[in-house]
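Chains as they are written, first to last, in the working numbering: chain A, -2 to 273; chain B, -2 to 273; chain C, -2 to 273; chain D, -2 to 273; chain E, -2 to 273; chain F, -2 to 273. For glycine and all other residues, C-beta sits at the position ideal for the given N, C-alpha and C. Bear in mind the structure is a predicted one, so any value in this text is a computation, not a measurement. These notes concern the structure reproduced below.
Number of protein chains: 6
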Amino acid sequence: MRMLLKEIESFLEEDLGQKDYGEIALYTDCKAEITVREGGILAGLTEAKEIFDYFSVDCSTEFKDGDRINSGEIILRVSGLDAKILMAERLVLNFLGQMSGIATLTRMFVDEVRKVSEHVKVAGTRKTTPGFRKYEKKAIIIGGGDPHRSGLYDAVILKDNHINLMGQEPAIKKAKELVSYTQKIVVEVESIDEAVRAAELGVDIIMFDNMSPAEVKECVQVLIERGLRAGVILEASGGINMENIKDFASTGVDALSSGMITHSARSLDFSLNFVL
Amino acid sequence: MRMLLKEIESFLEEDLGQKDYGEIALYTDCKAEITVREGGILAGLTEAKEIFDYFSVDCSTEFKDGDRINSGEIILRVSGLDAKILMAERLVLNFLGQMSGIATLTRMFVDEVRKVSEHVKVAGTRKTTPGFRKYEKKAIIIGGGDPHRSGLYDAVILKDNHINLMGQEPAIKKAKELVSYTQKIVVEVESIDEAVRAAELGVDIIMFDNMSPAEVKECVQVLIERGLRAGVILEASGGINMENIKDFASTGVDALSSGMITHSARSLDFSLNFVL
Amino acid sequence: MRMLLKEIESFLEEDLGQKDYGEIALYTDCKAEITVREGGILAGLTEAKEIFDYFSVDCSTEFKDGDRINSGEIILRVSGLDAKILMAERLVLNFLGQMSGIATLTRMFVDEVRKVSEHVKVAGTRKTTPGFRKYEKKAIIIGGGDPHRSGLYDAVILKDNHINLMGQEPAIKKAKELVSYTQKIVVEVESIDEAVRAAELGVDIIMFDNMSPAEVKECVQVLIERGLRAGVILEASGGINMENIKDFASTGVDALSSGMITHSARSLDFSLNFVL
Amino acid sequence: MRMLLKEIESFLEEDLGQKDYGEIALYTDCKAEITVREGGILAGLTEAKEIFDYFSVDCSTEFKDGDRINSGEIILRVSGLDAKILMAERLVLNFLGQMSGIATLTRMFVDEVRKVSEHVKVAGTRKTTPGFRKYEKKAIIIGGGDPHRSGLYDAVILKDNHINLMGQEPAIKKAKELVSYTQKIVVEVESIDEAVRAAELGVDIIMFDNMSPAEVKECVQVLIERGLRAGVILEASGGINMENIKDFASTGVDALSSGMITHSARSLDFSLNFVL
Amino acid sequence: MRMLLKEIESFLEEDLGQKDYGEIALYTDCKAEITVREGGILAGLTEAKEIFDYFSVDCSTEFKDGDRINSGEIILRVSGLDAKILMAERLVLNFLGQMSGIATLTRMFVDEVRKVSEHVKVAGTRKTTPGFRKYEKKAIIIGGGDPHRSGLYDAVILKDNHINLMGQEPAIKKAKELVSYTQKIVVEVESIDEAVRAAELGVDIIMFDNMSPAEVKECVQVLIERGLRAGVILEASGGINMENIKDFASTGVDALSSGMITHSARSLDFSLNFVL
Amino acid sequence: MRMLLKEIESFLEEDLGQKDYGEIALYTDCKAEITVREGGILAGLTEAKEIFDYFSVDCSTEFKDGDRINSGEIILRVSGLDAKILMAERLVLNFLGQMSGIATLTRMFVDEVRKVSEHVKVAGTRKTTPGFRKYEKKAIIIGGGDPHRSGLYDAVILKDNHINLMGQEPAIKKAKELVSYTQKIVVEVESIDEAVRAAELGVDIIMFDNMSPAEVKECVQVLIERGLRAGVILEASGGINMENIKDFASTGVDALSSGMITHSARSLDFSLNFVL
């Protein structure tokens, strides 16, 4: 995924503004290196290189996005004009920090799930930072997760609000009528009955919303018993965290979606230092 | 602070895309309310109202940004076309969640500092999410903190990289020569000697970078002894957290800046429900 | 679907430029009406009203998008400042003409299909005018068709190029690994064998590409015989036109996608006249 | 005409969105060729090369815009990373298809006119697709036509609406007063009297609007008889098509403008295939 | 001419940035007035009102663009929230100052010309401030001048560089071939011979470039003598100023174009004061 | 300071529009040179080179921004495709003209000040052309001046309007409370009393607004006498011009800010000629 030039310039503008204090430099060629100060999963490296490339700063690294990195490792070496490196520095570090933070937390969730299941997926949500979702979703993928839908436009979820407003069956029928057959329809359910009806109405994904692991498990059993399990993807969502994720992963669903991996990920700590 | 229309539209585009699945609604007027699910400091309410206003959805609330809110409180009631409310929902909740999360963490830092000092400020950094800094800085202010500089353009910080590159005195001289007298010059220092020289060279702010509280305290003492404390603002930065912030606040500095309050704040949990 | 202000302004800029020859008017309030000069399906009316609304020109109509309209009918009456109506005129007519042209052609395809099938869908493609796809896809929906995917991002189609490059099975496996479970995977096939393998590998949609109706029919039969028809959507694509669409609609597939309904639709003829 | 980077990126965004399914490729260098599937006039080749250039994909061709091309000819050979070629493919084909379609239809109109006149021009109108006019006008030029004005800003046409509103003479006087002498003034006329008065008032271009060839011819004769033909350009517009264009071209006018060559041109059929 | 919202927001962003120091106000309704501190021609009033309107600040005035204003006159009274008025203030004053400065200087040139000629026009050039041409051209019109072409796109001038490069006759022929008949062709000439040939080749405008009034006069005479004056507009350009403009206006040309009226106009002095 | 690509493209669009009359050229490589026609201080050279670079036109020069240049000197030699040079020409010349004009006037002010003071600064204001401030401020720096604040966001000035509205002391207190400690607070004063109070309240800069040199001098004296001079920067503003600037520079202040150096600077005269 290549960043558009207009994205790079728009992010840079936020930091550089209309004045130019890059001038406080020697304007000589120099070298610098970016070090990570804590362990985690590397993400944002592609973007870091594209930002440096915008400034004609050369990069070299033995790492790639998705690699596990340890405190103290040099993850990128750059060389170029000091003033340019200083102008790129903060944007690069913010990309690395935010994206690696999300990738790292996602991997922790995935690793926890893998203790009990080979295939259950950890997915994101739309609970992201306005304007930065594209990169947050990419970080989830790098961390081993599934990005889930990008927005209202690439899958349709009938949420509690839709269903309270319109009724479950009318909502599903309206969605099937309005939504292209190239997109999936997801329905949030809060009870066994709702789950059964949704499956009978032929939706693509059933999302168990804000249920306990035990409740989810019971729903899955009922669907299996009634021969409704095949051909539908089951997802649990709501309140999933590091403590309970193994329980959710053992309920028989296919995927677990969590807002936490984006909205509550801590940034990973990176720093850039000149090599003199 | 009014959001520009182009900001609102750009954030909305990210979520709405080119398709229009707002149609899965009854297109009738209805009411909804936004509830907070955990305690904290409210921020993003102004933005929430502006986004709803863009969709001609009416808002009413007894809260304002900066209020302490408790789990279960309804912080905003809206009424308007169901399809419009559904289109605004996620962007509004993401603003409320992200900004309140930062405001809440900032307030925790400030409250901790207030236990030992009436006036020491808690400040942010440029460690923010690309494209969202304006709102993260505003959330810091709402939480009782100081936003610090917005970017490279509204204050000049001579960081370790500048000083390693150019030497402390040449760097300060070059900055004084190049930077408008309407802007402040900040210098990072890592030792008593550096601090003393910076003060003697007449900078506006001295930033003690990555020192322990004890080291900072000693530096402050030396500056006082040498009559260099007046007229210079002292700031500590690097590794400040909830555990050690009171110690830093007792060192005699004027401000403590921390990347954590933005890059590691958890989102606060809000939800929107229709009132039927 | 509300047009963003920035879309309206960007389209207007193309026509208005930097000079202002709206001044060649009396700057008095007046009335005008938009008449259609040939029969078809109305589309673009919502956009027309939003553009006039941008100029504070009032609109009234007894029509709505999707209505069948006949030559000579007045489809919109407006009142406002003459100069504003003249500035909006061409953009409004271009929206109405282009969108109604697509809706009309789509409806012709759909009507033809309905002669032999109640449920087979007529779908669009990505063969659209750069920058105007959103409105072309909307016009397809208004005409009774299915917009198909909006771009590379909201469904994945493994086309002949992917398959020639990677092989069918590796391509499907890679797609399943990389693509979110919230998106559908479509596979183009050119033979019975390819269709069978795709169905066995569990893709969401099989697209018969550039086959004759007879070949498509045979493929469908084979899938039914092997018990692979359930749970997969079948689509035919390539060379579908008004002459052969009934034959394709009788093959047993679920959908027929055609680039013609966008890239080769003639504009419908509308004109605006002042009422003096 | 070089495309602006921001144009290329904006068109690409429409197709690529926020996700990156270019990854479904081998990420190896490969070759591909673009073939035309029906005869016509080539246009959009310059844009195709610029889009590939954006992706660092190399191009070679023996054709240039304006060339007559025949079904089956390879009009462009490219080599580069498979994923990049796949990301550029649809945008490139849409540019080639739309622009060549317009150039081809324009050339058909021009060829028809050439049977009866060496110099009568075939011109476009503002009946174009919102946001794509620049390229549609360029395709007209490539096809041998005249782009006519680009928008309201680069020539002033007093249309029936202006004249009904203000009267012919006041409208022309107001235009002469308000419009820069660097721009031309065009007046639509619907009768001999109007044509004579317009010529007497010294406009630059007289446009016979929605008249039959016989009526136009009569108007031209009257202007010649009254010594008003010199120094004014005569244009016929309205209802011109392949059937009647030779008749219009024989009326003595200088130019024939037609919305059909843009708004009703069929796309020309191109495809891209990997060479393995 | 209505400002686009995106123009207003883009200009505001330049002044307001990412921080919000509008807060340093009482947030009460108040009144203010804008006074002019020196005499001149008012321009920018329309824009001033549109900017205040963006902030929901009410305006009233008895003036309109183009009025002669005297030192001390209140040209606009506004009422609204103090913080909003303060945010709009500088942008409004800069529009008024720059545009009125240009309108005033243009009027001085026009008044000087009117002493010797009723109809000779004073025209601008493309020597404008990047990004602000639209408003500079509008100010010329308000001052009584002619905006001349807006850019390379709305009239073609064959300048000395074109002619040196290609030769006069080939350049004119190429231009006639390439440029739409809806646009005018202007040719710069530097001698009588060049002027005669240009007129014979049938260009729309002949521009006498960097000649003295006496030389221009002679050229005009020769054109008249040879019967080439009719049907061509004559324009003098280069080195025209307040001292020599009457001489140029007496040469027999139709228009005088001058970069000075834009690039060397002094801003007119306006100030805004609260009425307490 | 590197121009963003989107800035270059936006400025170019203003001049080039949607048509492409660059075609009126030979499309051969050629050489051209830019000559200055009057003496002054060179500015805009960096931008000129970046614009030519955008068009792949090569540049060479022995000058740099800030150099004193004399009439007739060739300040830039370029070589590249004739059509590209012609497309870049006007934008380049407008940058050079506007920026050098400001740099030249600034240097005249500075030179005048240097006759009486070694260190008093000449500063700009926000009285700039909407959309071009960044380059006007840069030209001030190149001319030897101080850019002053860029906008409302990078320093806070309490102007007469704030003070009339809120009272001096409340305004200062509110500002100190609301404004980050990383920004400076400036207060406009109109009397000795106001100046004394402002100094006592600890502001960063006191701006003597619209006072005579004698009044300013008296204020400075009183501040010195009361021991309030240290630690505060003193600035005079309002009505400063070439005639009185030496008097102001002798009053004891640190800086003199003047809107004239931007809003009333004449453009410097440059021209581009092909070398054949």
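Using alpha carbons as the reference points, say which of E:Thr248, E:Asn207 and E:Thr103 lies closest to Val219 (chain E).
Here the closest residue by C-alpha is E:Thr248.
Would you kindly work out how many angstroms separate the C-alpha atoms of Asn91 (chain D) and Ile48 (chain B), rounded to a whole number?
Using only the alpha carbons, I get a separation of about 36 Å.
Go to Thr32 (chain E), then tell me how far its beta strand (DSSP E) extends in each direction, as first and last residue.
Note, Thr32 (chain E): beta strand (DSSP E), Asp26 to Val33.
Using DSSP with H/G/I as helix, E/B as strand and the rest coil, what is Val153 (chain D)?
Note: Val153 (chain D) maps to strand in three-state DSSP.
Is there contact between the stretch 201 to 210 of chain A and the stretch 239 to 254 of chain A, where contact requires at least three CB pairs shorter than 8 Å?
Taking 8 Å as the limit for Cβ pairs, the verdict is that the stretch 239 to 254 of chain A does touch the stretch 201 to 210 of chain A.
Taking C-beta pairs closer than 7 Å, name the residues in chain A that Thr3 (chain F) reaches, listed in chain order.
Strictly speaking, residue 3 (chain F) in this sequence is Lys, with Thr absent from that position. Those are Lys3 and Glu6, listed as they occur along chain A.
If you drop the 5 nearest sequence neighbours on each side, which residues of the same chain put their C-beta closer than 6 Å to that of His260 (chain B)?
The residues are Lys124.
My output table needs one value for Asp55 (chain A): the three-state DSSP class, helix, strand or coil.
Correct three-state label for Asp55 (chain A): strand.
Indicate whether Lys28 (chain D) and Arg74 (chain D) have their beta-carbon atoms separated by less than 8 Å.
The answer is yes: Cβ separation under 8 Å.
Does Asn207 (chain F) pass the burial test, meaning 16 or more other C-beta atoms within 10 Å, or should it be called exposed?
By the neighbour-count rule (16 or more Cβ atoms within 10 Å), Asn207 (chain F) is not buried but exposed.
Going along chain F in order, which residues have a C-beta closer than 9 Å to the C-beta of Ile31 (chain B)?
Within 9 Å Cβ-Cβ: nothing; Ile31 (chain B) doesn't reach chain F, min ~28 Å.
From which residue to which residue does the beta strand (DSSP E) around Asn270 (chain D) run?
It spans Phe267 to Val272 - the beta strand (DSSP E) in which Asn270 (chain D) sits, taken as one unbroken run.
Check Arg65 (chain C) in the structure and name its three-state DSSP category.
Residue state, collapsed to three classes: strand.
Can you list, in chain order, the stretches of the alpha helix (DSSP H) that have 4 or more residues and sit fully within the stretch 93 to 131 of chain E?
With a minimum length of 4 residues, no continuous alpha helix (DSSP H) run stays inside the stretch 93 to 131 of chain E.
Using a 10 Å radius around the Cβ and a threshold of 16 neighbouring Cβ atoms, would you call Val186 (chain A) buried or exposed?
So Val186 (chain A) ends up on the buried side.
Please name the residue in F:Lys181, F:Asp157, F:Ile5 and F:Leu162 whose C-alpha comes closest to that of Ser188 (chain F).
With distances taken between Cα atoms, Ser188 (chain F) lies closest to F:Asp157.
Apply the 10 Å Cβ neighbour rule to Tyr24 (chain F) and answer buried if 16 or more other Cβ atoms are within range, or exposed otherwise.
Exposed.
What does Lys124 (chain D) touch in chain F if you count any residue whose Cβ is under 9 Å from its own?
Result: empty, since nearest Cβ-Cβ is about 16 Å, beyond 9 Å.
For the beta strand (DSSP E) containing Arg194 (chain F), name the first residue and the last one.
Per DSSP, Arg194 (chain F) belongs to no beta strand (DSSP E); it is in the alpha helix (DSSP H), Ile189 to Glu197.
DSSP state of Phe205 (chain A), grouped into three classes?
Strand.
So Arg111 (chain A) contacts chain C; which residues on that side make the cut at Cβ distance below 9 Å?
Per Cβ cutoff of 9 Å: no residues; Arg111 (chain A) is ~16 Å from chain C at best.
Over what stretch of residues does the beta strand (DSSP E) that includes Glu232 (chain C) continue unbroken?
Counting along the chain, the beta strand (DSSP E) containing Glu232 (chain C) begins and ends at Ile230 to Ser234.
Taking the straight line between their C-alpha atoms, what separation do you get for Leu93 (chain D) and Leu149 (chain F)?
If you take the alpha carbons of Leu93 (chain D) and Leu149 (chain F), they lie about 48 Å apart.
So, at 8 Å on beta carbons, what are the nonlocal neighbours of Phe267 (chain A) in its own chain, with the 5 sequence-adjacent residues on each side left out?
Result list for Phe267 (chain A): Ile31, Thr32, Val33, Arg34, Ile72, Leu90, Leu93, Gly94 and Ser97, in chain order.
Closest to Thr101 (chain F) by CA distance: which of F:Asn241, F:Asp62 and F:Asp55 is it?
It is F:Asp62.
For Gln274 (chain C), list the residues DSSP reports as bridge partners.
One cannot answer for residue 274 (chain C) here, as it falls past the ends of chain C, which runs -2 to 273.
Are the stretch 207 to 216 of chain B and the stretch 165 to 173 of chain B touching, with three or more C-beta to C-beta distances below 8 Å?
No: the two stretches stay apart, fewer than three of their Cβ pairs being nearer than 8 Å.
With DSSP run on the structure shown, which of helix, strand or coil describes Ala252 (chain F)?
Strand, per DSSP.
Hey, is Glu10 (chain B)'s beta-carbon within less than 8 Å of any beta-carbon in chain C?
Yes, Glu10 (chain B) lies at the interface with chain C (some Cβ there is under 8 Å from its Cβ).
How about Pro242 (chain D) and Glu109 (chain D): do their beta carbons lie closer than 8 Å?
Looking at the sequence shown, residue 242 (chain D) is not Pro but Ile. A contact, by the Cβ cut-off of 8 Å.
Hey, out of A:Gly235, A:Phe245, A:Leu175 and A:Asp244, whose CA is closest to Gly256 (chain A)'s CA?
Of A:Gly235, A:Phe245, A:Leu175 and A:Asp244, the residue nearest in Cα terms is A:Gly235.
Is the beta carbon of Gly236 (chain C) within less than 7 Å of some heavy atom of the ligand FAD?
The ligand FAD is absent from the structure shown, which contains no ligand whatsoever.
Under 8 Å between C-beta atoms, does Gly69 (chain A) make it to chain B?
Answer no: the Cβ-Cβ gap between Gly69 (chain A) and chain B never drops below 8 Å.
From Leu273 (chain D) to Glu10 (chain F), what does the alpha carbon distance come to, in whole angstroms?
About 42 Å.
Which stretch, first to last residue, makes up the beta strand (DSSP E) that contains Leu73 (chain A)?
Per DSSP, Leu73 (chain A) belongs to the beta strand (DSSP E) from Ile71 to Leu78.
Can you list the residues of chain B that Pro144 (chain F) reaches, using a CB-CB cut of under 7 Å?
Within chain B, the residues near Pro144 (chain F) are Ser177.
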